[in-house]
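Colleague: Those protein sequences? They're chains A and B, same order as listed. If you read the first sequence in my numbering, its first letter stands for residue 1, the second for the next number, and so on. If you read the second sequence in my numbering, its first letter stands for residue 164, the second for the next number, and so on. We treat Cβ as the ideally placed atom computed from N, Cα and C, and that holds for glycine. Have a look at the structure that comes next, please.
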Amino acid sequence: MRGIISTSTFWTLWLFVHLILALGLLGALTHQAMAVALPVRKPAAGIVTRFRAVPAAGYTTAVCVLYVLTFFVGSYIYTQYRIAIRIPLENAHYYKTGGFFDFKEHVATLGLVLLPAYWLLWKNAQNPDYDNARKGVTLVLAVMVWFLFIVGHVLNNTRGFAS
Amino acid sequence: MSTATPASAKQPSLATSRKFKAFALTFSISGPVIYCMVQYFNYPLFTYWPAVRRLVWGFGPPSADNGPNMLWYGWSVTTLLIAGALGIVAMMLPEHLTKRLPLWLLWLLPILAIPYVVYSLMPWWTLAARQ
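Right under this line is the structure:
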């Protein structure tokens, strides 16, 4: 593959795959978090209400699969980041940017270990004993994914696509 | 709230399995704590040097020959293995013990892990502050 396209294009394509997976994950989890945080009790009217009125439990397996895929693709391109991105960032004294990327890697693992319980709690959504835990885990996971996405986006703006 | 579950979910399945419940809750509750400890004591299962594509078991330092090392993969795999082992142990325990697991720890422990993680990145923040 790397003989057909340039090294830069190869990694850019993987970064793009990472982005697409992350966008899917972000959308699904945000729908679910909104549904659990601000549940709709009347028929949907406006766009915001309809956004919250999704059948939230249906997103569960998709969120888990997308999280794992995004995690693995991110882990793969991380090797290139360590060589081609982080070293120039350090040389240019972008220490906060580098620090936030390391923060991102830790948060990604903390989110990964939540997935089995997250899946269990949503697959038993009819059990009222799980309501508070399901709400808490979903919101924590959603905040984590938004954080991962924003840090990745800022880092890409600093030194990302085709660099 | 739109959290309705199909009636089929009440049939025996992974989601309704008592053993899977014990595994999943133990894994997810212990995971953040284990990750912080693994990182604090620096116990990566392996270290990877991306510049030379070299991988060794345990911790390995950065060097002029091999370039920068990567520990995060090793920390994450160590965490998954230990949390997985604890989960398997929990599956073998009687139900009256595993059902006592406080579910609020599931969302509280990842939040509590964040200040430690930020603190562990102090070298970055110190360098940034010196600019």
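1. Per DSSP, what kind of secondary structure is S226/B in: helix, strand or coil?
2. Is any beta-carbon of chain A found at less than 9 Å from that of Y198/B?
3. What do you reckon, are the CB atoms on L15/A and K184/B nearer than 9 Å?
4. Closest to G194/B by CA distance: which of G152/A, L115/A, P128/A and Y95/A is it?
5. Return helix, strand or coil for T168/B, following the three-state DSSP convention.
6. Per DSSP, which residues does R217/B bridge with? Please list them.
7. Assuming T60/A and W146/A form a contact by the criterion Cβ under 8 Å, report the distance between their Cβ atoms to the nearest whole angstrom.
8. From M164/B to Q126/A, what does the alpha carbon distance come to, in whole angstroms?
9. State the Cα-Cα distance for the pair V201/B and W220/B, rounded to the nearest angstrom.
10. Rounded to whole angstroms, what's the CA-CA distance from G27/A to W212/B? Just pull it up for me.
11. According to DSSP, which residues form a beta bridge with M233/B?
12. Does the stretch 25–39 of chain A touch the stretch 87–98 of chain A, meaning 3 or more C-beta pairs lie closer than 8 Å?
13. Please tell me whether W119/A has its Cβ less than 9 Å away from any Cβ of chain B.
14. In whole angstroms, what separates the C-alpha of T189/B from that of N229/B?
15. When the Cα atoms are used, what is the spatial distance from V287/B to E258/B?
16. Check whether the Cβ atoms of M233/B and T79/A lie closer than 9 Å to each other.
17. Whole-angstrom Cβ separation of H18/A and G74/A, contact assumed at under 8 Å?
18. Return the residues of the stretch 94–113 of chain A that lie within a Cβ-Cβ distance of less than 7 Å from chain B, sorted by chain order.
19. Residues of chain A with CB closer than 8 Å to the CB of M233/B, please, in chain order.
20. Where does T241/B fall in DSSP's three states?
21. Would you kindly check if the distance between the Cβ of I251/B and the Cβ of F186/B is under 9 Å?
22. Could you confirm whether any beta carbon from chain A is found closer than 9 Å to the beta carbon of K182/B?
23. With DSSP run on the structure shown, which of helix, strand or coil describes Y94/A?
Modeller: The structure says:
1. Looking at S226/B - three-state DSSP - the assignment turns out to be strand.
2. Residue-level contact check: Y198/B touches chain A, since one or more beta carbons of chain A fall below 9 Å from its beta carbon.
3. Cβ atoms of L15/A and K184/B: not closer than 9 Å.
4. Of G152/A, L115/A, P128/A and Y95/A, the residue nearest in Cα terms is L115/A.
5. Its pLDDT being 49, under 50, T168/B is placed unreliably in this model, and the value from its coordinates should be taken loosely. Three-state DSSP puts T168/B in coil, outside helix and strand.
6. R217/B is bridged to W212/B.
7. At roughly 18 Å, the Cβ-Cβ gap does not stay under 8 Å, so T60/A and W146/A are not in contact.
8. Confidence at M164/B is low in this model, with a pLDDT of 45, below 50, so its placement is unreliable and no value can be given for it.
9. In this structure, the CA atom of V201/B is about 15 Å from the CA atom of W220/B.
10. For G27/A and W212/B, the distance between alpha carbons rounds to 35 Å.
11. Under DSSP, M233/B forms a beta bridge with Y211/B.
12. Judged by Cβ distances under 8 Å, the stretch 87–98 of chain A makes no contact with the stretch 25–39 of chain A, as fewer than three pairs qualify.
13. Cβ-Cβ to chain B under 9 Å: yes for W119/A.
14. Spanning the two alpha carbons is a distance of roughly 38 Å.
15. Sequence inspection shows Trp at residue 287/B; the Val mentioned does not correspond to that position. Their backbone Cα atoms lie some 45 Å apart in a straight line.
16. The answer is yes: Cβ separation under 9 Å.
17. With a Cβ gap of about 5 Å, H18/A and G74/A count as contacting.
18. So the close ones are Y95, K96, G98, G99, D102, F103, E105, H106, T109, L110 and V113.
19. Per Cβ cutoff of 8 Å: Y78, T79 and R82.
20. Helix, per DSSP.
21. Going by C-beta atoms, F186/B is nearer than 9 Å to I251/B.
22. It does not; no Cβ of chain A falls within 9 Å.
23. Y94/A carries a coil assignment under DSSP once its states are collapsed to helix, strand and coil.
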